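To keep things clear, I will list the structure first and then write my remarks on it.
Residue numbers (the working numbering): 956 to 1096.
Now the structure itself:
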(Lines of atoms letter the chains of each structure in order from A and count residues from 1; the text may use other names and numbers.)
(Lines give C-alpha, C1' and ligand atoms only; values in the text may rest on other atoms or scores of the structure.)
Protein backbone atom coordinates (compact mmCIF):
# COMPACT_ATOMS: atom_id res chain seq x y z
CA UNK A 1 0.00 0.00 0.00
CA UNK A 2 2.83 2.42 0.85
CA UNK A 3 4.50 1.70 -2.49
CA UNK A 4 1.29 2.57 -4.33
CA UNK A 5 0.89 5.81 -2.37
CA UNK A 6 4.53 6.73 -3.00
CA UNK A 7 4.21 5.96 -6.70
CA UNK A 8 1.06 8.08 -6.93
CA UNK A 9 2.74 11.00 -5.21
CA UNK A 10 5.83 10.59 -7.36
CA UNK A 11 3.82 10.72 -10.59
CA UNK A 12 1.42 13.48 -9.56
CA UNK A 13 3.73 16.53 -9.77
CA UNK A 14 4.94 15.93 -13.36
CA UNK A 15 1.38 15.34 -14.52
CA UNK A 16 0.19 18.52 -12.83
CA UNK A 17 3.15 20.40 -14.29
CA UNK A 18 2.41 19.17 -17.82
CA UNK A 19 -1.23 20.16 -17.52
CA UNK A 20 -0.28 23.60 -16.19
CA UNK A 21 2.06 24.19 -19.15
CA UNK A 22 -0.46 23.26 -21.84
CA UNK A 23 -1.90 26.42 -23.37
CA UNK A 24 -5.64 26.84 -23.07
CA UNK A 25 -7.97 26.78 -26.02
CA UNK A 26 -8.72 30.41 -26.87
CA UNK A 27 -12.13 31.39 -25.53
CA UNK A 28 -13.41 32.37 -28.99
CA UNK A 29 -12.70 28.88 -30.34
CA UNK A 30 -14.27 27.14 -27.35
CA UNK A 31 -17.37 29.36 -27.39
CA UNK A 32 -17.92 28.61 -31.07
CA UNK A 33 -17.52 24.88 -30.54
CA UNK A 34 -19.92 24.93 -27.60
CA UNK A 35 -22.41 27.04 -29.58
CA UNK A 36 -22.16 24.61 -32.50
CA UNK A 37 -22.91 21.64 -30.26
CA UNK A 38 -25.83 23.38 -28.53
CA UNK A 39 -27.41 25.48 -31.26
CA UNK A 40 -25.96 24.59 -34.67
CA UNK A 41 -23.88 26.08 -37.45
CA UNK A 42 -25.28 29.62 -37.35
CA UNK A 43 -24.52 29.97 -33.64
CA UNK A 44 -20.98 28.67 -34.14
CA UNK A 45 -20.30 31.13 -36.95
CA UNK A 46 -21.66 34.02 -34.92
CA UNK A 47 -19.28 33.15 -32.10
CA UNK A 48 -16.21 32.36 -34.24
CA UNK A 49 -16.47 35.38 -36.50
CA UNK A 50 -17.22 38.01 -33.87
CA UNK A 51 -14.96 40.97 -34.75
CA UNK A 52 -13.02 38.75 -37.17
CA UNK A 53 -11.42 40.43 -40.20
CA UNK A 54 -12.28 37.38 -42.32
CA UNK A 55 -15.99 37.13 -41.43
CA UNK A 56 -17.57 38.66 -44.54
CA UNK A 57 -15.63 36.63 -47.10
CA UNK A 58 -15.33 33.38 -45.11
CA UNK A 59 -18.54 32.82 -43.13
CA UNK A 60 -20.85 32.03 -46.08
CA UNK A 61 -18.48 29.37 -47.46
CA UNK A 62 -17.90 27.83 -44.03
CA UNK A 63 -21.64 27.71 -43.40
CA UNK A 64 -22.38 25.95 -46.68
CA UNK A 65 -19.58 23.42 -46.25
CA UNK A 66 -20.49 22.60 -42.64
CA UNK A 67 -24.09 22.05 -43.69
CA UNK A 68 -22.90 19.66 -46.42
CA UNK A 69 -20.74 17.80 -43.91
CA UNK A 70 -23.70 17.48 -41.54
CA UNK A 71 -25.78 16.05 -44.40
CA UNK A 72 -23.16 13.32 -44.85
CA UNK A 73 -21.81 12.77 -41.31
CA UNK A 74 -24.89 13.60 -39.27
CA UNK A 75 -25.21 15.94 -36.31
CA UNK A 76 -22.36 17.14 -34.15
CA UNK A 77 -21.99 15.10 -30.95
CA UNK A 78 -18.94 16.80 -29.47
CA UNK A 79 -15.35 17.82 -30.05
CA UNK A 80 -11.83 16.98 -28.94
CA UNK A 81 -9.01 19.46 -28.55
CA UNK A 82 -5.85 17.92 -29.99
CA UNK A 83 -3.36 20.68 -29.31
CA UNK A 84 -2.99 24.41 -28.92
CA UNK A 85 0.28 25.79 -30.25
CA UNK A 86 1.30 29.23 -28.98
CA UNK A 87 2.71 31.46 -31.72
CA UNK A 88 3.99 34.11 -29.36
CA UNK A 89 2.15 35.90 -26.58
CA UNK A 90 -0.68 37.15 -28.82
CA UNK A 91 -1.36 34.35 -31.32
CA UNK A 92 -2.01 30.64 -31.36
CA UNK A 93 -3.11 27.78 -33.59
CA UNK A 94 -5.66 25.35 -32.18
CA UNK A 95 -6.12 21.85 -33.59
CA UNK A 96 -9.57 20.40 -32.93
CA UNK A 97 -11.60 17.39 -34.07
CA UNK A 98 -15.33 17.93 -34.36
CA UNK A 99 -17.15 14.67 -33.76
CA UNK A 100 -20.24 13.89 -35.81
CA UNK A 101 -22.49 10.83 -35.67
CA UNK A 102 -20.71 9.18 -38.62
CA UNK A 103 -17.24 10.67 -38.72
CA UNK A 104 -14.75 13.34 -37.66
CA UNK A 105 -13.91 16.74 -39.09
CA UNK A 106 -10.42 18.13 -38.47
CA UNK A 107 -10.02 21.88 -37.88
CA UNK A 108 -7.33 24.39 -37.16
CA UNK A 109 -8.10 27.87 -35.94
CA UNK A 110 -5.60 30.74 -35.90
CA UNK A 111 -6.45 33.11 -33.07
CA UNK A 112 -5.10 36.54 -32.26
CA UNK A 113 -5.38 38.52 -29.04
CA UNK A 114 -4.57 42.19 -29.65
CA UNK A 115 -6.15 43.34 -26.38
CA UNK A 116 -8.34 41.64 -23.84
CA UNK A 117 -10.18 39.18 -26.14
CA UNK A 118 -9.41 36.71 -28.89
CA UNK A 119 -10.46 36.93 -32.55
CA UNK A 120 -10.24 34.28 -35.28
CA UNK A 121 -7.93 35.37 -38.10
CA UNK A 122 -7.97 32.14 -40.13
CA UNK A 123 -9.43 28.66 -40.07
CA UNK A 124 -9.26 25.55 -42.19
CA UNK A 125 -11.01 22.21 -41.98
CA UNK A 126 -11.11 18.91 -43.79
CA UNK A 127 -12.38 15.39 -43.28
CA UNK A 128 -8.83 14.14 -43.88
CA UNK A 129 -6.61 14.43 -40.82
CA UNK A 130 -3.41 14.66 -42.89
CA UNK A 131 -4.73 17.78 -44.63
CA UNK A 132 -5.09 19.68 -41.33
CA UNK A 133 -2.86 18.23 -38.64
CA UNK A 134 0.90 18.85 -38.62
CA UNK A 135 3.04 16.21 -40.28
CA UNK A 136 4.67 15.48 -36.93
CA UNK A 137 1.33 14.10 -35.72
CA UNK A 138 1.86 11.13 -38.02
CA UNK A 139 5.55 10.57 -37.31
CA UNK A 140 5.78 6.99 -36.02
CA UNK A 141 9.43 7.14 -34.95
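Every residue gets a Cβ at the ideal spot worked out from N, C-alpha and C, and that includes glycine. No experiment lies behind these values; they were computed from the predicted model shown.
Distance between beta carbons of residue j and residue i, contact taken as under 8 Å
i            : j            : result
residue 1061 : residue 1081 : 6 Å
residue 1005 : residue 983  : 7 Å
residue 992  : residue 1031 : 5 Å
residue 1051 : residue 988  : 7 Å
Alpha-carbon to alpha-carbon, residue j and residue i
i            : j            : result
residue 1090 : residue 1040 : 14 Å
residue 1075 : residue 1096 : 34 Å
residue 1020 : residue 981  : 23 Å
residue 996  : residue 1042 : 28 Å
residue 1003 : residue 1044 : 20 Å
residue 1093 : residue 1086 : 11 Å
residue 1084 : residue 1063 : 11 Å
Per-residue DSSP class, three states only, for residue i
i            : result
residue 1085 : helix
residue 1065 : strand
residue 980  : coil
residue 1078 : strand
residue 1054 : strand
Length at least 4, wholly inside the stretch 996-1051: the alpha helix (DSSP H) runs in chain order: 996-1003 and 1010-1028
With a threshold of 8 Å, are at least 3 pairs of Cβ atoms found where one atom belongs to the stretch 1067-1080 and the other to the stretch 1007-1024? yes
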